[in-house]
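In what follows, a structure is listed as structure tokens, so that the remarks can point back to it.
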Amino acid sequence: MSRTPKSRARRCDPTGLMRTSSPVLVGRGDQLGALRAAVPSQPAVIMIEGEAGVGKSRLVRELLDADLGPIAVLMGHCQPVGEPFPYGAVLEALRDCTERLARNHSRLSPVAGVLAGPLPELASYLPDAPPSTGDPRADRHRFFRALRELLGVLGPVLLVVEDLHWADDGSRQLLRFLMGDPPANLSIVVTYRREDVPGGVPLGSAYRPPTGITSALLELEPLDVAEVRVLTSAILDGEPVSAEFAAKLHERTAGIPFVVEETLRALRNPAGAVHADGATARRLLDNVDVPVLLRDAIAERLAALPSDAARLVQAAAVLGAPAGVELLGAVARLGESSAALTHALTGHVLHEVGPRRYGFRHALAQQAVYDTLSGPDRTELHQRAVEVLDQVEPRPLVQLAEHSERAGSTAAWLRYGEAAADRAVEIGDAGTATALLQKLLVDSAVPAADVDRLAIKLGQIAHQGLDQLDPTETLERLLSDRRLSTAARGQVRHYRGVLLIRQAGGIEEARSELERAVADLTERPDLAARGEAVLGLSYLGMTPLHEVQPWLDRVSAARESATDLEQKMALYANEVGSKMHLGDPSVLPSWQFSPASTPGELRQLARAHCNLADALTTTGHFALCADLLRDGLRFAAECGAPFTASTAHATRARLDWLTGDWDGLAERAETLLDEYRDLFPLASELCLILGSLATARGEWAEATSYLTETGAFAPEESITPVAIAGCAALARTMLAQDEVIRACVDVDRGLAIVRGKGVWVWATELGPVAVATFLAAGRETDAETLIEEIAAGVEGRDAPMAFAALAWCRGQLAEARGQDEALELYRQAADRYSALPAPYLTALVAEREAACLLVSDQEKAAEILSALVDTFDGLGATRDAARCRHQLRSIGGGKPSRRGRRGYGDALSPREQEVARLLVAGHTNRKIADVLFLSPRTVEQHAARVLRKLGVSSRAELQAEDLA
């Protein structure tokens, strides 16, 4: 590309306008080739990533200009401004598939009827709509299934969704669903800017293409100097471009094709421009920054338009979203706007971005036009936009609020902004609601009389949603805002305190804020009681139980005296969970939930179910926990309580770990962690699960990485039972590697937390590993003392798992002392764990029983170990299974891997899969040998077969995807 194409006579455009873009694609040959190869290989998923103006849309256009054979193209665009419109981009794309659907609609099942409402254009070809299930999550899943089925009957289809970074949450979730299991006839192409993607995750959560489909991630980088030179020459119809000019142009534009085009457009315009190599161009490039050049380019194009066309373009820039000609003309105050639109289109200022909808080719162009407006002009156009949009049905409240704000109309900004927030809450979009309320609250023009109401509303909405950090900061700023009344200050403190609990490192500050809130809320005893209910949560940080108990007692008294049912239910939701976490024996015999008749009561009913369920995973009532979670999730969905639902999902994952439902658990937990990473109570629990699973697989580094995020090293800012369990899992990981001293450090840290809190029910996972660690370290007296402490601490508590753990602890001490009662204690512990059920813990105890039998009844020991191999293999606890196989081999009773010793051909055997997984994790042969209880030589042989079967020449080339 070092040579510029030869000069040739330039074609004259009769309008005098220069070419708007390069007639050839520059610097994207590899990406276009990959795209053209992937799309026909259905099913296919292609993600195109790049910054603004780098050429994502151009690459897609080049693809679509080619012959795609029988593949039909469905196009959808996400917009930066607009009303909440769930799934809008995908629905837009599907409205043009009538012809294909007409030929194939008979293949649709009744579930497709749910699409009739969102897609009225297709209704005549769709089955009758089925009734709602009553469960929003189930309805949403059915809607997703229906869309996938619809796409599946259309024949070969390419679905293109542009600008995914502007997508609503619904569209991201839907696309993730489709991309996770696309129909065999579907290819999906999405484009996005990673820098503008909320949270940096394009689909809202981590996405990994499934096996069996064609997939590609195309990352578009800016052009280099040589490519900028070729692009410039192409835009100028082959005009020779000097290397000096190309280098300067690249320096000023960073090689972004769109900015190159816009800069060149500033140099060559319909009025006649300087030669690309001329002194004028060089001076311009030397003295003007790229953003200024871009604005100058837009100013020149606007100046070349008739006044009506320029005004129409300015109206489009103010509206900020594609609009029809009538709306554009009304905002611009034009009587007849078709001619003006034609000029704007032929001048390449506006583009038809959708059927009869017009806007800018790029957001930078829209901003550049907007910047050309004077302050009074902007104000006038925004005010006119308010007047026009106010007549649209349904009223676009978000846009009305934004235009009112920019027009300087505080009263209208307040009215529309609050109404838009209310509407967002109604449709379950808490993120939009909190963003609007925060913007209102930082506006110093909003009257003090309104600040109280908006601040309290922000706290209430944020408290129920998942968007935590920004609302917390806004509430903090409000506490120093003189407009906030003394009466409202206590409420703002209350909501800020509640939100702080959900953030990493926020628990101690939260308690302080809540205590101040309770003191401030003398005129709101109902809210003060709710603050006390949070302070009465036993599991927050390192506040000792004897300091928490008075708050809990006050909550019980407040609940008894409350006359409002929602208030009673709110207090009970905290009280019942906190007491059950302590193993309070009075909870389960007397618990009862009042039926809900209002949305607020239903929200509290959902909280009560989920809070109690969470406590039951700590104490060991797993069957009841599952029932409560099922109902709690349903109630949370019905009343729109996403935070409550999020707690239930994390508890469900914890329950799955405890009850041995490990199939796909790591993937589920990772997905939840991606979604809830900013919610520390949930993230820490999910890290505990993922770390524990990694320990069971023998992946020590991964386990440690997760377990350090459980709060184990910062208990004062932790969810205490999770932090204690994190210490236990860390100690178990160290002990498995014979790192006894480090295991002692983790155990001692965990026991310091338990003793500081004074809640021995929470030592259910720590106790057994602590006793094992102390015995391995020769600290038998410490082990004995600990067992006595646990026994005294759990006496009279309703905590089945604690008593199973106590029997396990006693069994270990008896075994170490050579006492015959060890067997009976292990059997007692195994029976208790089995009754929960907790199959993994049951198996670990049974392994100790087998160890005791090795001397007296080797045949029985071998029988137990053989069964445990199957149990551990079935769970996916490969490290534990390998340990039991090693024990069997040591007594001459070896057991083959799960599927026997048949030939596997080019497929990996179970043992080879285990070795391959550890190779991918970066382990050496010796480390793998330690994990799987094999000799390094055996591992070396397995590793060689793995590489051969997977067709890679070295372990460095081995990827996790190879094992899928």
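Under the numbering used here, the letters of the sequence shown match residues 1375 to 2338, in that order. Glycine is no exception: its CB is placed at the ideal position from the N, C-alpha and C atoms.
Is the beta carbon of Arg2051 sitting closer than 7 Å to the one on Ala2043?
Taking the first residue of the sequence shown as position 1, residue 2051 is located at position 677. Taking the first residue of the sequence shown as position 1, residue 2043 is located at position 669. The answer is no: Cβ separation not under 7 Å.
How big is the Cα-Cα spacing for Arg1642 and Thr1627?
Translated into the one-based positions of the sequence shown, residue 1642 becomes position 268. Translated into the one-based positions of the sequence shown, residue 1627 becomes position 253. Unreliable placement is indicated for Arg1642, whose pLDDT of 46 sits below 50; the coordinate value is still reported in the next sentence. When rounded, the distance between both Cα atoms is 16 Å.
With a CB to CB cut of under 7 Å and the five nearest residues on each side skipped, what residues in its chain are close to Tyr2207?
Counting from 1 along the sequence shown, the entry for residue 2207 is found at position 833. Taken in chain order, the residues that qualify are Ala2178, Leu2215, Thr2216 and Val2219.
Chain-order list of residues whose beta-carbon lies under 8 Å from that of Phe1551 (same chain, five-residue window excluded):
Residue numbering aside, residue 1551 sits at position 177 when the sequence shown is read from its first letter. Here the set comprises Phe1518 and Arg1522.
Give the straight-line distance between the Cα atoms of Leu1724 and Ala1742, rounded to the nearest whole angstrom.
Reading the sequence shown from its first residue, position 350 is the one you call residue 1724. Reading the sequence shown from its first residue, position 368 is the one you call residue 1742. Rounded to the nearest angstrom, the two C-alpha atoms are 13 Å apart.
For Val2320, count neighbouring C-beta atoms within 10 Å of its own C-beta (all shown protein chains included) and say buried if the count is 16 or more, exposed if not.
The sequence position of residue 2320 within the sequence shown is 946, counting from 1. It counts as buried.
Any contact between the stretch 1435–1454 and the stretch 1589–1597? By contact I mean 3 or more CB pairs, one from each, below 8 Å.
no
Let me confirm a value: Leu1919 is counted as buried when at least 16 other C-beta atoms fall within 10 Å, else exposed. Which label applies?
Position 545 of the sequence shown, counting from 1, holds the residue named residue 1919. Exposed is the call here.
Let me know if Gly1879 comes out buried or exposed under the rule of 16 or more other beta-carbons within 10 Å of its beta-carbon.
As a first step, residue 1879 is located in the sequence shown; it is residue number 505 there, counting from the start. Counting Cβ neighbours within 10 Å, Gly1879 comes out exposed, since fewer than 16 surround it.
Within the chosen definition, does the stretch 1929–1947 reach the stretch 1878–1892 through at least 3 CB pairs nearer than 8 Å?
no
To which residues of the same chain is Val1699 closer than 8 Å at the C-beta, ignoring the five residues directly before and after it?
Position 325 of the sequence shown holds residue 1699. Counting only Cβ-Cβ distances below 8 Å, and skipping sequence neighbours, we find Ser1711, Ser1712, Leu1715, Arg1730 and Tyr1732.
Would you tell me roughly how many angstroms separate the C-alpha atoms of Leu2081 and Ser1545, rounded to the nearest one?
Locating residue 2081 in the sequence shown gives position 707, where the first residue counts as 1. Locating residue 1545 in the sequence shown gives position 171, where the first residue counts as 1. So the two alpha carbons sit approximately 34 Å from each other.
Could you check the C-alpha separation between Arg1876 and Val1633 for me, to the nearest Å?
Taking the sequence shown and counting its residues from 1, one reaches residue 1876 at position 502. Taking the sequence shown and counting its residues from 1, one reaches residue 1633 at position 259. Cα to Cα, Arg1876 sits roughly 43 Å from Val1633.
Ile2115 burial status per 10 Å Cβ neighbour count (16 or more: buried)
The count along the sequence shown starts at 1 and reaches residue 2115 at position 741. The residue in question, Ile2115, is exposed, as its Cβ has fewer than 16 Cβ neighbours within 10 Å.
Among residues of its own chain, excluding the 5 on either side of Ala1337, which ones have a beta-carbon nearer than 7 Å to its beta-carbon?
Past the boundaries of the shown model lies residue 1337; the chain is included only from 1375 to 2338, so the question cannot be answered.
Backbone CA spacing between Met1954 and Leu1811 [nearest angstrom]:
The sequence position of residue 1954 within the sequence shown is 580, counting from 1. The sequence position of residue 1811 within the sequence shown is 437, counting from 1. Going by the C-alpha atoms only, they are around 37 Å apart.
Are the CB atoms of Ala1944 and Gln1923 nearer to each other than 7 Å?
Working through the sequence shown from its first residue, we reach residue 1944 at position 570. Working through the sequence shown from its first residue, we reach residue 1923 at position 549. Cβ distance not < 7 Å, so Ala1944 and Gln1923 don't count as in contact.
Say the cut is 6 Å; is the CB of Pro2211 nearer than that to a heavy atom of the ligand FAD?
Absent from the structure shown: the ligand FAD. Ligands present: none.
Give the DSSP-derived three-state secondary structure of Arg1446 in the structure shown.
Counting from one through the sequence shown, the residue named residue 1446 turns up at place 72. Arg is not the amino acid found at residue 1446; the sequence shown has Ala there. Reduced to three states, the DSSP call for Ala1446 is strand.
Alpha carbon to alpha carbon, how far is Leu2249 from Glu2314? Give it in angstroms, no decimals.
What you label residue 2314 is simply residue 940 of the sequence shown in a count that begins at 1. What you label residue 2249 is simply residue 875 of the sequence shown in a count that begins at 1. Those two C-alpha atoms are separated by around 26 Å.
DSSP-derived helix/strand/coil call for Leu1592:
Locating residue 1592 in the sequence shown gives position 218, counting from the first residue. Three-state result, Leu1592: strand.
Cβ shell of His1983 (< 6 Å), same chain only, five flanking positions each side left out
On the sequence shown, position 609 is the one that residue 1983 refers to. Correct list, in chain order: Leu2002, Asp2005 and Gly2006.
Straight-line CA distance for Ala1689 to Gly1805?
Residue numbering aside, residue 1689 sits at position 315 when the sequence shown is read from its first letter. Residue numbering aside, residue 1805 sits at position 431 when the sequence shown is read from its first letter. When rounded, the distance between both Cα atoms is 28 Å.
So, using beta-carbon positions, are Ser2063 and Ala2102 closer together than 7 Å?
Within the sequence shown, residue 2063 is the residue found at index 689, counting from 1. Within the sequence shown, residue 2102 is the residue found at index 728, counting from 1. For the record, residue 2063 in the displayed sequence is Ile; it is not Ser. Their beta carbons are not under 7 Å apart, which means Ile2063 does not touch Ala2102 by this criterion.
Cβ-based burial, Arg2253 [other Cβ within 10 Å; buried from 16]:
Working through the sequence shown from its first residue, we reach residue 2253 at position 879. Per the 10 Å Cβ criterion, buried.
To test your reading of the DSSP string, which unbroken alpha helix (DSSP H) runs of 4 or more residues are found completely within the stretch 1775–1823?
1784–1800 and 1804–1816
Checking the sheet assignment: what are the DSSP bridge partners for Ala1520?
If you number the sequence shown from 1, residue 1520 lands on position 146. Answer is none; Ala1520 lacks a bridge partner.
Tell me where the beta strand (DSSP E) around His1725 begins and ends.
Sequence index remark: in the sequence shown, residue 1725 carries index 351 (1-based). Taken as a continuous stretch (DSSP letters only), the beta strand (DSSP E) holding His1725 covers His1725 to Gly1728.
When we look at the beta-carbon of Thr1654 and count the other beta-carbons within 10 Å, is it buried (16 or more) or exposed?
Position 280 of the sequence shown holds residue 1654. Here the model assigns Thr1654 a pLDDT of 43, short of 50, so the residue's position is not dependable, and the following value carries that caveat. Classification of Thr1654: exposed, given that the 10 Å Cβ count is below 16.
Is Arg2275 buried or exposed, if buried means 16 or more other CB atoms sit within 10 Å of its CB?
In the sequence shown, the residue the question calls residue 2275 occupies position 901. Low confidence applies here, because Arg2275 scores a pLDDT of 45, under 50, leaving its location unreliable; read the following figure in that light. Result: exposed.
To the nearest angstrom, how far is it from the Cα of Gly1728 to the Cα of Ala2022?
Taking the sequence shown and counting its residues from 1, one reaches residue 1728 at position 354. Taking the sequence shown and counting its residues from 1, one reaches residue 2022 at position 648. One C-alpha to the other measures close to 41 Å.
Alpha carbon to alpha carbon, what distance is there between Glu2139 and His1539?
The sequence position of residue 1539 within the sequence shown is 165, counting from 1. The sequence position of residue 2139 within the sequence shown is 765, counting from 1. Using only the alpha carbons, I get a separation of about 43 Å.
Gly2248 - containing alpha helix (DSSP H), residue span:
Numbered from 1 along the sequence shown, position 874 holds the residue referred to as residue 2248. Run containing Gly2248: Gln2232 to Leu2249, per the alpha helix (DSSP H) assignment.
Buried versus exposed, by CB contacts within 10 Å (16 or more), Gly2038
For the purposes of this step, residue 2038 is taken as the residue at position 664 of the sequence shown. So Gly2038 counts as exposed.
Alpha-carbon to alpha-carbon, Val1950 and Val1961:
If you number the sequence shown from 1, residue 1961 lands on position 587. If you number the sequence shown from 1, residue 1950 lands on position 576. So the two alpha carbons sit approximately 7 Å from each other.
Option in Thr1992, Ala1697 and Ala1691 with minimal Cα separation from Arg1752
Counted from its first residue, the sequence shown places residue 1752 at position 378. Residue Ala1691 is the option with its Cα nearest to Arg1752.
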